[in-house]
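Here's the structure we're looking at; comments come further down.
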Amino acid sequence: MNISRGLLRLWVVASGLWVIFVAFLSYEGIANPYVPGRAYYFRKDISFARQQAELEKSRAQPAWSNYEINTPDGFTYSMTGSSGDDAAKRVLAAIGTINYVNDPVVVERYTDDYRLLEEGVTRGVSEKIDVSVPDTVLFIGKSEPKDVKTRLAKEVYEGASKARELVVSKKRTEAITGAVELALLPPLVVFVLGYLLLWVGRGFRAR
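First residue of the sequence shown: 850, per our numbering; consecutive thereafter.
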C-alpha cells in the first residue's frame, strides 16, 4: 500500500473542493462589490458674505469665531460671526443667491449628515433626486428652477458614475486578491506540513 500516493490524491481532491468552496463564498463580493450609498448637494456661493464677515471681524474688538451652520434644507455652511446666531443670520441672508459652488458635498448614507438632509425633505424645504447611479441621490432646494435641478443632477451623474466605477474596480480587485490567497495558501500550507511529516516518518523506518 503506497501511503504517500494516497495522501497526495487526498490532498488534490481536498484542495479542489476547498477552491470551489472559496469561489462560491467569494462570488457575490467579486460580481457585485458593496459600495455605500452616497448623497450629493451643492452649497450656494456665499463667498462674498464670508469675506464681508472676515472684514468685520478684523475691525471688531470682541473675539469672533467660525461656526458650522445647518440650514433648514440640511445643508452645512461655514461662516464667521460674532456669535452662532450672527453667523446663522449671515448664512441665511446669503443663500438666496442663484449661484452654486462648483464642487458638490458628498455625504455617506446612514450618517448624521445624511439624516439632516432627509429632515430637509421631511420639512418640505428640499427634495431628493435620483441621478440614475445606484444608491446615489442629489438633495436640492425644492424651490430651485427645474433647469437648475436638471443641470446639477447631470453634473452629479457624471461625477458619481466615474467615482463609483473606480470604487467598484478597487473593491473587486481586493476581493479577487483575497479569494486567491484564501484558496491557495491553506492547501499549500497543508502540502508542506504533510511533506515534512512524511519525511520525518521515513526517518523512523527500519532498514
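Even for Gly, the Cβ is constructed at its ideal location relative to N, Cα and C.
Cα-Cα, which of the options is closest to residue i?
i            : options                : result
residue 990  : 980, 890, 885          : 890
residue 874  : 1024, 964, 1034        : 1024
residue 951  : 935, 1040, 896         : 896
residue 876  : 1002, 1052, 1032, 1042 : 1032
residue 967  : 919, 902, 1026, 1029   : 919
residue 884  : 1042, 1019, 1037, 1027 : 1019
residue 961  : 888, 862, 1013, 902    : 888
residue 932  : 917, 922, 965          : 917
residue 1035 : 1016, 922, 861         : 861
residue 970  : 852, 922, 886          : 922
residue 900  : 939, 881, 864          : 939
residue 1027 : 872, 858, 1015         : 872
residue 879  : 959, 1022, 863, 1040   : 1022
List the DSSP bridge partners of residue i.
i           : result
residue 902 : Answer by DSSP bridge pairing: none, since residue 902 is not bridged.
residue 929 : 915
residue 872 : Residue 872 pairs with nothing; no bridge assigned.
residue 888 : 956, 986
residue 975 : 990
residue 893 : 949
Does DSSP put residue i in a helix, in a strand, or in coil?
i            : result
residue 959  : coil
residue 1020 : helix
residue 989  : strand
residue 1044 : helix
residue 999  : helix
residue 944  : coil
residue 1027 : helix
residue 1010 : helix
residue 1035 : helix
residue 861  : helix
residue 835  : There is simply no residue 835 to check, as the chain begins at 850 and stops at 1056 in what is shown.
residue 853  : helix
residue 980  : coil
Less than 8 Å between CB atoms is the rule here; does residue i satisfy it with respect to chain C?
i           : result
residue 907 : The structure shown has no chain C; it contains just one protein chain.
Could you check if residue i belongs to the surroundings of the ligand SAM, using beta carbon to heavy atom distance under 7 Å?
i            : result
residue 1033 : Here there are no bound small molecules, and the ligand SAM is not part of this structure.
Does the segment 1037-1056 come into contact with the segment 906-922, if we say contact requires no fewer than three beta-carbon pairs (one atom in each stretch) closer than 8 Å? no
Would you be able to state if there are at least three C-beta pairs under 8 Å between the segment 986-1002 and the segment 901-910? no
Is the segment 926-942 in contact with the segment 967-983, if contact means three or more CB pairs nearer than 8 Å? no
With a threshold of 8 Å, are at least 3 pairs of Cβ atoms found where one atom belongs to the segment 855-871 and the other to the segment 1004-1013? no
Count Cβ pairs between the segment 938-945 and the segment 955-974 that sit closer than 8 Å; are there 3 or more? no
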